[in-house]
Every structure is written in C-alpha cells, then in structure tokens.
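Chemist: The listed protein sequences derive, respectively, from chains A and B.
Per our numbering: the first sequence = residues 770 to 1030.
Per our numbering: the second sequence = residues 144 to 467.
I'd like to ask you about the structure that follows.
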Amino acid sequence: MFVIGERINGMFTDVKKAIQAQDPAPIQQLAREQVAAGANALDINVGPASSDKLGAMRWLVETTKEVVDVPLCIDSPNAEVMRVGLEAAEGNAIINSTTGEEERMEKVLPLAAEYGCPVIGLTIDAEGVPRDANGRMEVAMRIVQACMEQGIATTDLYIDAVILPVNALQQVPQEVLNTLRMCKALSDPPPQTVIGLSNVSQGALHRELINRIYLVMALANGLDAAIMDPLDTKLMDAAITAEVLLNRSVYCDDFLKAYRK
Amino acid sequence: MPLTIPKQRWTAEVQTATIGATKEEGGTRTSTVTIGGEQTLPFLHFEGETPNRPAIAMEVLDEQPSGWPEPLAQHYEDVWGDPAAWAQKAVEEFGADLICLRLVSANPEGSDASADQCAETIQSVLKAVGVPLIIWGCGNDEKDNDIMPFCSQAGAGERCVLGSATEDNYKTICASALADGHMIINESPLDINIQKQVNILVTDMGMDLGDIIMYQVTGGLGYGVEYAYSILERTRLAALDGDKMLQMPMLSIVGSEAWRVKEAWQPEAEAPEWGPLDKRGIIWEAATATLFLHAGTDILVMWHPEAVARVRDHIDEMMSGQPV
C-alpha cells in the first residue's frame, strides 16, 4: 500500500502554530517521523493557518523537502497555491486534487501534465458527492476520460471515492468499498484508488478503531493508497498484516519488521 | 495496425553488488565482478535496464572428488588435489569470472582438515588467481563455525563471498564477514519466506543489503527444478515490486545439481537409449543453468567447461538484446 502521511496539515494545531511562527522544527520532525514510520509520500496542506496561502505553501514544501525526499502531496483547493507547491517541490509531487467538475479539471489536469506528476481525482461534481457507488463511478469515468485527453496515464490517476463520516452517513463506507472494486474495471490499466481515511471516523468515538478496521476492509476491496496517520502504529501494523494476508507482500516471521526496514 | 508491446512498470530494482577488491580497494584482485541492478525480469531489454551480465563461477574442490564421471574427470584429473592449480585452470583455460572454492576437506566425516589447513588453501588460491572468490564451508554447521572465522581472516580485505548463512546458523559467518569486509550468502531450503527471514536476521546483525547474495537450495533439470524456477521468479517479482528484503542478487548451484542426476552420469552401457555420455551431462548442466538464468539468477556455479562455454554464449546473445 502507498501511504500518504496526513500530519502536515494546518488543521492540526501544532502545524498551524509552526506555520504562523515560521518555525521549521516541528514540521521537519513530523516529516521525518512519518517517513520513518512507513509513509511513502507526505500530504502538505496549509489549511486555515495563514492568510498568505501562497507563501505558506512554498514555505511548508521547502521546509519539508529539506529533510525528506519522498513525493509531496500538494493539497489545496486553489490552483494558484497548487502551482506554487508544485514549483517548490520541483516535480517530485502528487496533486491533491481535482474533482470531476469541468471547470476544476481544466485548471488542475494541465498542471499534472506539465509537471508530469500523479493526480488525485475526487468523485465530486457540481452537485456534490454522489449518493452511491454508481454515482461515484460516473464521475470517476469523466475524470479518467479527461486524463486520457490530457495524455495523463491512467496509472498516474488516483480516484478518491470520498469517504464521509460513519456517524453521519452510515451507508457511505459500503458505497465507497463498492466503488473501489468497480474502479478496477474502468480502464486497462485501471486507475489507482485512494481514500482520505481519517474522514470515516470524523466526529465519532473510537476513531482509531474505526480507521483501522476500515483500512483493512478497503485494502481487501483493492485500495492502492491512503492518506492517513502513519504514526498510528496499530493502524500501520493492521495495513502491513492485511497486505500479507492478501498476498501482496511476501510473508516471513518478522513481517512487521521487514516492512519497516 | 502497429503492435504495441505492453510494458510492465516496476517500482524498484535489484541491488547492485561488486564482488572482489582490487589493490586500490584494499585487496589484491586483478578483476572484480559486478552483478544485479536489474530493473525488469531477465533480458527484457525493452522494458528496463539489465546493467550487469550474469556471472559464471566455476567450482573448485579442495580435495580430489570421488566418483566423478569421465566427461568431468578428463578436464580436472590433472589438477584435482591441488586447488590452486585447479582454480588457475578454471580461470585461464575455461574463462571463469569467479572461483567458488568449496572446503569439502573440512568435513569431519571425511578428511577433517583443520581451520589452519583451510585458511592456507584459501591463501594459495587467492595467490594463484586474480578473480574474486566465493568461499563455501563443508556443510557441517558445527565444523563450518570452527573454520569460517579463520577462512574469512585468510581472505581479509578481498571482499570474498562467504557461504552460507541459514535461519538456524548465521551468527558466526555473519560476524566473520563483517569483521573482514566480505559479502555473505544467505541460504534457504527452497522457501521464499525463510529466505526473507534469513535476510532480516542477517541485516539485524548489521550486514548491509548490498553485501548479501541469496541462494535457494535447488535441484537439477528433471528433479523438481520447475519449483525452484517459480521460487526464484517470485523472489525477483517481489524485488521489482519494492520488497527491500528480497532485492539482493541471486546465486544458483548448477554443476553439482546437474551432475548428481543419473541422466547426466549413467554409463552408456546401462542406458544406451539416452545417447552418448560425453554429451549428456554437458547438455544437462547447460540446460539447468539456462533455466536458472531465465528465472533471474545472477551467479551460476558450474562444473563442466563446455557447459560453461555454451551458457556464456547464451548470455552473450541474451545481453545483446537482438533476436537469437
């Protein structure tokens, strides 16, 4: 599984404070810790921390890049902020994200083509998040087509089927699992799939337990990548074990240690 | 309509390893052997790089072998009993890239040679040839743990490959390799899970990933070799898929396995329908070696000079990337 570490996000208080104080230490520590724990890429999101979003994104990317060399997942709804992030990351990046809305795809997909980096496509259109798997697949199909028109390989597209909190919309986790399976029939080769895992437990009790169980369920339904907290050791252990049980990695007695070597 | 060849996109590559140390590197080797680095399955040049050609090591026993059939004996009877001369012949006449020295004389159920005697043999072979050395014990764990530290010291700084570490017996050989700057062979009984486990145990002791070569105990053609093929291939697929603990180059023992089977050595009088003895064993060994090459092996350990020549030609053809 491709793990995208979620912790460098201005929504978290420690990150917000660091951005406001322009203090690199907490950011760099989070970057190092997440990679050491098994993150293959790091999400970078300015969040509500600063009014100068362009400057904050550039600073966050440059600060992170100083200490790790994994791809940075430039997370912003604003195409200008995204471009600044991509420039600072010098192409070693993932775009997070476009939706299925024409207007947004027209702005974001050319950036993916220009920088030659993978892009996350959320199954959201002008009417919002579709109710079920079929609705999500319609949007996913439009994103796949738009990528093909831009010359972006489908394997560089990550479809995010938009998981929503289980305490508010209890039918959604099942619809997302269905979408994960259906995505693999979209094209050949198929797009990859990703979820923003922590959303599933937003506002609920037993958050870690919900995240952990849902990640394993999603992996069993073909999930390729997750934006998640790699510092949650039990969550990582569950993912590593699931990959062994799904025969995606080779078993050995020290399989947990092997993954972290 | 033009044919588009589908290409697999791999996320990782095999570790590159250089065996042997020249004078500048603290040893006395006149040549070194670099293996590994593959970015795709064997010889699929259209899909990724195969930067280093597979190497052929020729095996030298430190005492006269018993019961070798005539096709082998005729090439080695003038040198067996003298491992330095044997090694020299393998390099100068037969073009071996490396020498795989097997210290069979140490076997307590045989000659029971001492650690000092084994160390002396290693020094004489190192003096006789300039190619890198693979040094293998006698196969008796207890005795090998006695002799290997001395053998390792005798080749200190030469960046030899010491064989072999197993799941139950790896500490002594690993410590020796670390102390004297050698590489190590991690052995497993045709089991990818155990191979991975041995690799973890050895790296836990501080062994660098680039100093490890993997070895699955195999068989010869006709004796379960298909299973060996599938294990080697699965190991290589895992490597290319990013499993760091299975990304080391692989070694296969071919000579002793091929010549062990009766089709290779049984006299013509007993099996006339199998054809002439002087061709059979060579074909058996070359076919076994070719099969391992296409499973992903990086070092072949071989016996018969003509089988070696045929396999070398095959490697030339495969590395040229041209249709054969």
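Cβ coordinates follow ideal geometry from the N, Cα and C atoms, glycine included.
The structure displayed is predicted, hence computed values, not measured ones.
So, L241(B) versus P226(B), is the Cβ gap smaller than 8 Å?
Modeler: Here the question's residue 241(B) lines up with position 98 in the second sequence. Here the question's residue 226(B) lines up with position 83 in the second sequence. Not in contact: L241(B) and P226(B) (Cβ atoms no closer than 8 Å).
Chemist: Which residues in chain B have a C-beta closer than 7 Å to the C-beta of D1022(A)? List them in chain order.
Modeler: As a working mapping, residue 1022(A) is identified with position 253 in the first sequence. Simply Q340.
Chemist: Along the chain, where does the beta strand (DSSP E) that runs through M357(B) open and close?
Modeler: The residue given as residue 357(B) occupies position 214 in the second sequence. Where M357(B) is concerned, the enclosing beta strand (DSSP E) stretches over I355 to Q359.
Chemist: Should H325(B) and S373(B) be called a contact, given that it needs their Cβ atoms to be closer than 8 Å?
Modeler: Taking the second sequence and counting its residues from 1, one reaches residue 325(B) at position 182. Taking the second sequence and counting its residues from 1, one reaches residue 373(B) at position 230. Going by C-beta atoms, H325(B) is not nearer than 8 Å to S373(B).
Chemist: Going by beta carbon distance, what residues of the same chain come within less than 6 Å of L344(B), once the five residues before and after it are set aside?
Modeler: Taking the first residue of the second sequence as 1, we reach residue 344(B) at position 201. Contacts found: Y313.
Chemist: Determine the direct distance from the alpha carbon of P251(B) to that of E85(B), and round the result to whole angstroms.
Modeler: Any property of residue 85(B) remains undetermined from this structure, which presents chain B solely from 144 to 467.
Chemist: What residue does the beta strand (DSSP E) around R455(B) start on, and which one ends it?
Modeler: Here residue 455(B) is taken as the residue at index 312 of the second sequence, counted from 1. First-last for R455(B): P448 to S463, but that is the alpha helix (DSSP H), not the beta strand (DSSP E).
Chemist: Hey, A1007(A) and R1029(A): beta-carbon distance below 8 Å or not?
Modeler: As a first step, residue 1007(A) must be located in the first sequence, where it is residue number 238. As a first step, residue 1029(A) must be located in the first sequence, where it is residue number 260. No; because the gap between Cβ atoms is not below 8 Å, this pair is not in contact.
Chemist: Expressed to the nearest angstrom, what Euclidean distance is found between the alpha-carbon atoms of V451(B) and G238(B)?
Modeler: As a position in the second sequence, residue 451(B) is number 308, starting the count at 1. As a position in the second sequence, residue 238(B) is number 95, starting the count at 1. Going by the C-alpha atoms only, they are around 9 Å apart.
Chemist: Name the one or two DSSP bridge partners that V888(A) has.
Modeler: Position 119 of the first sequence, counted from the first residue, corresponds to residue 888(A). Note: V888(A) sits in a beta bridge opposite I864(A) and L926(A).
Chemist: Quick check on S956(A) - is its C-beta less than 8 Å from some C-beta in chain B?
Modeler: Against the first sequence, residue 956(A) aligns to sequence position 187. Not an interface residue.
Chemist: Quick one: any contact between the region 384 to 399 of chain B and the region 346 to 358 of chain B, if contact means 3 or more CB pairs under 8 Å?
Modeler: Touching, per the Cβ criterion.
Chemist: Measure from the alpha carbon of V268(B) to the alpha carbon of each residue in L305(B), A230(B), T159(B) and D255(B), then state which is nearest.
Modeler: Sequence index remark: in the second sequence, residue 268(B) carries index 125 (1-based). Residue A230(B) is the option with its Cα nearest to V268(B).
Chemist: Nearest-angstrom Cα distance between S248(B) and F435(B)?
Modeler: Along the second sequence, read from residue 1 onward, the residue named residue 248(B) stands at position 105. Along the second sequence, read from residue 1 onward, the residue named residue 435(B) stands at position 292. Computed Cα separation, rounded: 28 Å.
Chemist: Whose Cβ in chain B lies nearer than 7 Å to the Cβ of V1019(A)?
Modeler: The residue given as residue 1019(A) occupies position 250 in the first sequence. Residues of chain B passing the Cβ test: I335, N336, K339, A381, D386 and L389.
Chemist: Identify the contact partners of V346(B) in chain A, using a Cβ-Cβ distance below 7 Å as the criterion.
Modeler: Indexing the second sequence from 1 puts residue 346(B) at position 203. Correcting the residue type first, residue 346(B) is Thr in the shown sequence and not Val. The answer, in chain order, is K1030.
Chemist: Taking the continuous alpha helix (DSSP H) assigned at L992(A), which residues delimit it?
Modeler: As a working mapping, residue 992(A) is identified with position 223 in the first sequence. Careful: L992(A) lies outside any alpha helix (DSSP H) and carries neither H nor E.
Chemist: According to DSSP, what are the bridge partners of F771(A)?
Modeler: Translated into positions along the first sequence, residue 771(A) becomes position 2. DSSP, once it has assigned bridges, lists A994(A) as partnering F771(A).
Chemist: For I468(B), would you say it is in contact with chain A, using Cβ-to-Cβ distances shorter than 8 Å as the test?
Modeler: Residue 468(B) is absent from the model: chain B starts at 144 and stops at 467.
Chemist: I'd like to know whether the C-beta of G302(B) is nearer than 8 Å to at least one C-beta of chain A.
Modeler: By one-based count along the second sequence, residue 302(B) stands at place 159. The amino acid at residue 302(B) is misidentified as Gly; the sequence shows Arg. Closer than 8 Å: no.
Chemist: Can you tell me whether R1029(A) is helix, strand or coil according to DSSP?
Modeler: For the purposes of this step, residue 1029(A) is taken as residue 260 along the first sequence, with counting starting at 1. Correct three-state label for R1029(A): helix.
Chemist: What is the rounded straight-line gap between the Cα of G349(B) and the Cα of R302(B)?
Modeler: Translated into the one-based positions of the second sequence, residue 349(B) becomes position 206. Translated into the one-based positions of the second sequence, residue 302(B) becomes position 159. Rounded to the nearest angstrom, the two C-alpha atoms are 16 Å apart.
Chemist: Note down, in chain order, all residues in the region 148 to 160 of chain B with a beta-carbon under 8 Å from any beta-carbon belonging to chain A.
Modeler: R152
Chemist: In chain order, what residues of the same chain lie with their CB nearer than 6 Å to the CB of A228(B), ignoring the 5 residues before and after it?
Modeler: Against the second sequence, residue 228(B) aligns to sequence position 85. Correct list, in chain order: V222.
Chemist: If you reduce the DSSP assignment to three classes, tell me which class Q797(A) lands in.
Modeler: Residue numbering aside, residue 797(A) sits at position 28 when the first sequence is read from its first letter. In the structure shown, Q797(A) sits in a helix (DSSP, three-state: H, G or I).
Chemist: Are I162(B) and V272(B) closer than 8 Å when you measure CB to CB?
Modeler: Stepping through the second sequence from its first residue, residue 162(B) is reached at position 19. Stepping through the second sequence from its first residue, residue 272(B) is reached at position 129. No, they are not a contact pair.
Chemist: Against A1027(A), what residues of chain B qualify as contacts under a CB-to-CB distance less than 7 Å, listed in chain order?
Modeler: Taking the first sequence and counting its residues from 1, one reaches residue 1027(A) at position 258. Within chain B, the residues near A1027(A) are K339, I343 and M388.
Chemist: In whole angstroms, what separates the C-alpha of V839(A) from that of M951(A)?
Modeler: By one-based count along the first sequence, residue 839(A) stands at place 70. By one-based count along the first sequence, residue 951(A) stands at place 182. Looking at the two C-alpha atoms, the distance is approximately 29 Å.
Chemist: Just grab the DSSP bridge partners of L305(B) for me.
Modeler: Along the second sequence, one-based indexing puts residue 305(B) at 162. Paired residue(s): I278(B) and I327(B).
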